[in-house]
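Q:
Protein chains: 2
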Amino acid sequence: MASNIKVGIVGYGNLGRGVEKAIKQNPDMELRAIFSRRNPDDVAAAGGVVHISELEKYKGDIDVLILCGGSATDLPQQGPELAAMFNTVDSYDNHAKIPEYFELVNASAAKGGNVSVISTGWDPGLFSLNRLLGQAILPEGNEYTFWGKGVSQGHSDAIRRVNGVKGGVQYTIPVEAAVDRVRNGENPELSTREKHMRECYVVAEDGADLGQIEREIKEMPNYFADYETTVHFISEEELKAKHSAMPHGGNVLRSGRTGENNTQIMEFGLKLDSNPEFTASVLVAYARAAYKLSQAGESGARTVFDIPFGLLSPKSPEQLRKELL
Amino acid sequence: MASNIKVGIVGYGNLGRGVEKAIKQNPDMELRAIFSRRNPDDVAAAGGVVHISELEKYKGDIDVLILCGGSATDLPQQGPELAAMFNTVDSYDNHAKIPEYFELVNASAAKGGNVSVISTGWDPGLFSLNRLLGQAILPEGNEYTFWGKGVSQGHSDAIRRVNGVKGGVQYTIPVEAAVDRVRNGENPELSTREKHMRECYVVAEDGADLGQIEREIKEMPNYFADYETTVHFISEEELKAKHSAMPHGGNVLRSGRTGENNTQIMEFGLKLDSNPEFTASVLVAYARAAYKLSQAGESGARTVFDIPFGLLSPKSPEQLRKELL
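Chain order of the listed sequences is A and B. Just so you know, we're using full-length UniProt numbering here: the first sequence kicks off at 1 and counts up by one. Just so you know, we're using full-length UniProt numbering here: the second sequence kicks off at 1 and counts up by one.
(1) Does any residue of chain B have a CB that is nearer than 8 Å to the CB of residue 135 of chain A?
(2) I need the DSSP call for residue 223 of chain A, collapsed to helix, strand or coil.
(3) Under 8 Å, Cβ to Cβ, is there at least one residue of chain A near residue 44 of chain B?
(4) Going by the DSSP bridge assignment, what does residue 51 of chain B pair with across the sheet?
(5) Using DSSP with H/G/I as helix, E/B as strand and the rest coil, what is residue 253 of chain A?
(6) Grab the span of the alpha helix (DSSP H) containing residue 317 of chain A for me, first residue to last.
(7) Could you give the uninterrupted runs of the beta strand (DSSP E) lying entirely in the region 131–189 of chain B, keeping only those of 3 residues or more?
(8) Using the Cα positions of residue 260 of chain B and residue 233 of chain B, report the straight-line distance between them to the nearest angstrom.
(9) Identify the continuous beta strand (DSSP E) that holds residue 229 of chain A and give its terminal residues.
(10) Which same chain residues, not among the five before or five after residue 305 of chain B, have their C-beta less than 8 Å away from its C-beta?
(11) Determine the extent of the beta strand (DSSP E) in which residue 262 of chain B is found, giving its start and end residues.
(12) Between A/215, A/60, A/183 and A/212, which has its C-alpha nearest residue 327 of chain A's C-alpha?
(13) Specify whether the region 119–128 of chain B and the region 273–285 of chain B touch according to this definition: at least 3 beta carbon pairs, one from each stretch, less than 8 Å apart.
(14) Run through DSSP, which three-state label would residue 95 of chain B get?
(15) Count Cβ pairs between the region 10–21 of chain B and the region 63–72 of chain B that sit closer than 8 Å; are there 3 or more?
(16) Return the CA-CA distance between residue 310 of chain A and residue 29 of chain A, expressed in angstroms with no decimal places.
(17) Once you ignore the five residues that flank residue 149 of chain B on each side, which residues in its own chain have a CB closer than 8 Å to its CB?
(18) Compare the Cα-Cα distances from residue 314 of chain A to each of A/297, A/302 and A/290 and report the closest residue.
(19) Determine the DSSP secondary structure at residue 74 of chain A, reduced to helix, strand or coil.
(20) Assuming the contact rule is C-beta atoms closer than 8 Å, residue 342 of chain B and residue 66 of chain B should be a hit. Round their C-beta distance to whole Å, please.
(21) Under the DSSP definition of a beta bridge, which residues are partnered with residue 302 of chain A?
(22) Which value, in whole angstroms, describes the spacing of the CA atoms of residue 268 of chain A and residue 253 of chain B?
(23) Can residue 126 of chain A and residue 303 of chain B be called in contact, C-beta distance under 8 Å?
(24) Tell me, to the nearest whole angstrom, how far the beta carbon of residue 23 of chain A is from that of residue 288 of chain A; I am working on the premise that it is less than 8 Å.
(25) Between residue 202 of chain A and residue 212 of chain A, what straight-line distance do the alpha-carbon atoms span, to the nearest angstrom?
(26) What is the DSSP secondary structure of residue 194 of chain B, counted as helix, strand or coil?
(27) Between residue 178 of chain A and residue 194 of chain A, how many whole angstroms is the CB-CB distance? I'm expecting something under 8 Å.
(28) Going by other Cβ atoms of all chains shown within 10 Å of its Cβ, with 16 needed for buried, is residue 161 of chain B buried or exposed?
(29) What residues in its chain sit with their C-beta under 8 Å from that of residue 257 of chain A, if we drop five residues either side in the sequence?
(30) Would you call the CB atoms of residue 62 of chain B and residue 36 of chain B closer than 8 Å?
(31) Taking Cβ-Cβ distances shorter than 8 Å, what residues in chain A pair up with residue 312 of chain B?
(32) If you draw a straight line from the alpha carbon of residue 266 of chain A to that of residue 187 of chain A, how long is it in whole angstroms?
(33) Under the assumption that residue 115 of chain A contacts residue 299 of chain A (Cβ atoms under 8 Å), give the Cβ distance between them as a whole number of angstroms.
(34) Near residue 230 of chain A, which residues of its chain fall below 6 Å by C-beta distance, leaving aside the five closest residues on each side in sequence?
(35) Relative to the alpha-carbon of residue 10 of chain B, which residue among B/89, B/165 and B/21 has its alpha-carbon at the smallest distance?
(36) For residue 321 of chain B, does the count of other Cβ atoms within 10 angstroms reach 16, so buried, or fall short, so exposed?
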């Protein structure tokens, strides 16, 4: 085994902390530094935190940077900027803007001679891989993605913007009966309402009109109006005690036909106690791949579609063929 | 779109017929010829069959050969031999001998300037990919593979070798309770008997001792002795009517832990009406990848671990990023 892969973390929220933990599970990797925009003295991290303005000094001392910022404002700026200096991995998840983001990061990484893996994690990421696999193997068929049961950050934020709401969490829940119909090869046409339910746990401000809050949530366009939505009012204590975890998961199914009407079902599923820790674990495996690609002299942006699974593993190709094929 | 990928099929059993059907589902591919060791006049195929001795004449006129012979005797000879002349794809599934087979095919393909994808299908193949993915993403965890419900050719053959048995089929069935324990994150230690059951449908010869047949099957070492085995005696008509299909499937699960004891479950599953048609569909997708790799100037043997999913798709990288990521 050569020397360890030296990793830097940019951004120290839930995802960054997940990456910190995941690196500890991988003996071929080591955490070199955590970078944050906050004042390093204000950030509690075991190994200490470095202000992001110091990042450039670490050039040559870090093999891969894992970018743990958000897709709305952090990554559009950091992704292209840091790809010029370091190999990077990120979880950019603004699906509609991925092509544009890819081009920007690609130009920067190519110029800097670095490899940048964009938009990895589980969706985009592992789910995307399974969508591609399903289409490629079973070209005649239908594809279904179910999310949950899990917390949707966007929908939770939407609840909290409602007048009279103090706090709240929203769970996206797949409709089991719909999943079963797909698994049974029925190839159903499923409306939005038939695929997912939305369950809200809401803390109201004192004296707020609960009926009004519930109506406002249920009728909110895009977020809730098209779904079977339930609203539960709970206390602040209960919200903290029972709804602070970040579970998630979901399933990608491909229901195809071959030959004379034979039904073939492919399914990939995740059941996650911690969404950010799992996403972090995926990022770390792709950081290994980015490092290996860079060592092989490659440069530019890559997605999960471009990276053979063998590069995700610390094992040699010989070992993989012997043990896992 | 450039011209179609011209495919040749070597071996015209269940798998070869499955490949023939799968090619029809892929507009970027066309079947150039089917090669068989049998007398072409004796083989019923829509487009006609060519004797395998004519294969060399097709050099330059076939982009990829899909080898549909068996792993016991056909592929060990054909794999290395044909890799010298053509890009090839095969489903070599003798797990213990894969490293040796890889080396032989690799040497031959490299010398001939061809790309050979070995040991693809679903196990080895898609299941292997998911075993690797699970280990790479969740290094602390356990891995479980369940097969079935499906017909095991090896076990069916074993039944048919028992004295007094005229015909028979064996189904491998995963123990649902065990699968559920894994899905629930219990990380159970499972014995052979706890993971799979074996169900046999047997046609006995007239006057045979049924009790003796049942005992012999149930006590057969390696094949049945370690399993909960049930034996049903049925008529030849029933065997034909109800047990001629070739369903199969199974599940690969990774049950891992991250952070402070968060359970993370990854699962990949298949439910197949036709095992050979699905395997054939996988081979055809990898034939596309072999062709693309060859077009890019690569040569040598490859496994599923070496091939990015993007190459399996007829779509361009831009299209994949836009539509599927």
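For glycine and all other residues, C-beta sits at the position ideal for the given N, C-alpha and C.
A: Quick answer:
(1) True, the Cβ-Cβ gap to chain B drops below 8 Å.
(2) DSSP, read as helix, strand or coil, puts residue 223 of chain A in coil.
(3) Between residue 44 of chain B and chain A, the shortest Cβ-Cβ separation is not below 8 Å.
(4) DSSP lists B/36 as the bridge partner or partners of residue 51 of chain B.
(5) Secondary structure of residue 253 of chain A (DSSP, three-state): strand.
(6) Run containing residue 317 of chain A: 317–323, per the alpha helix (DSSP H) assignment.
(7) Taking 3 residues as the shortest admissible run, the region 131–189 of chain B contains the following complete beta strand (DSSP E) segments, listed from N- to C-terminal end: 141–147 and 165–174.
(8) One alpha carbon belongs to residue 260 of chain B, the other to residue 233 of chain B, and they sit about 53 Å apart.
(9) Run containing residue 229 of chain A: 228–233, per the beta strand (DSSP E) assignment.
(10) Counting only residues of its own chain and dropping the five nearest sequence neighbours on each side, residue 305 of chain B has a CB closer than 8 Å to the CB of 128, 129 and 132.
(11) Here the beta strand (DSSP E) through residue 262 of chain B covers 262–272.
(12) Nothing in the structure corresponds to residue 327 of chain A, since chain A is present only between 1 and 325.
(13) Yes, the region 119–128 of chain B touches the region 273–285 of chain B.
(14) If DSSP states are grouped into helix, strand and coil, residue 95 of chain B belongs with the helices.
(15) Between the region 10–21 of chain B and the region 63–72 of chain B there are three or more C-beta pairs closer than 8 Å, enough to call the two in contact.
(16) One Cα belongs to residue 310 of chain A, the other to residue 29 of chain A, and the distance between them is close to 17 Å.
(17) Cβ within range, chain order: 171, 172, 173, 174, 247, 248 and 249.
(18) Comparing Cα-Cα distances from residue 314 of chain A to each of A/297, A/302 and A/290, the minimum goes to A/290.
(19) It is helical.
(20) The requested residue 342 of chain B is not part of the displayed model; chain B covers only 1 to 325.
(21) Answer is A/117.
(22) Cα to Cα, the separation comes out at about 10 Å.
(23) Inclusion of residue 126 of chain A and residue 303 of chain B in the CB contact set at 8 Å is not warranted, their separation being larger than that value.
(24) Not confirmed; about 11 Å, so no contact.
(25) Straight-line Cα distance between these residues: approximately 13 Å.
(26) Of the three classes helix, strand and coil, the one that applies to residue 194 of chain B here is helix, per DSSP.
(27) Residue 194 of chain A and residue 178 of chain A do touch by the CB rule: their CB atoms are close to 5 Å apart, below 8 Å.
(28) Flag for residue 161 of chain B reads exposed.
(29) The residues are 138, 140, 141, 263 and 264.
(30) Contact flag unset, no.
(31) Taking the beta carbon of residue 312 of chain B as reference, the chain A residues within 8 Å of it are 132, 133, 136 and 137, listed in sequence order.
(32) Within the model, the alpha-carbon separation for residue 266 of chain A versus residue 187 of chain A is close to 13 Å.
(33) At roughly 6 Å, the Cβ-Cβ gap stays under 8 Å, so residue 115 of chain A and residue 299 of chain A are in contact.
(34) For residue 230 of chain A, same chain residues with a beta-carbon under 6 Å away, outside a window of 5 residues either side, are 199 in chain order.
(35) Residue B/89 is the option with its Cα nearest to residue 10 of chain B.
(36) A residue is called buried once 16 or more other Cβ atoms fall within 10 Å of its Cβ, and residue 321 of chain B is buried on that count.
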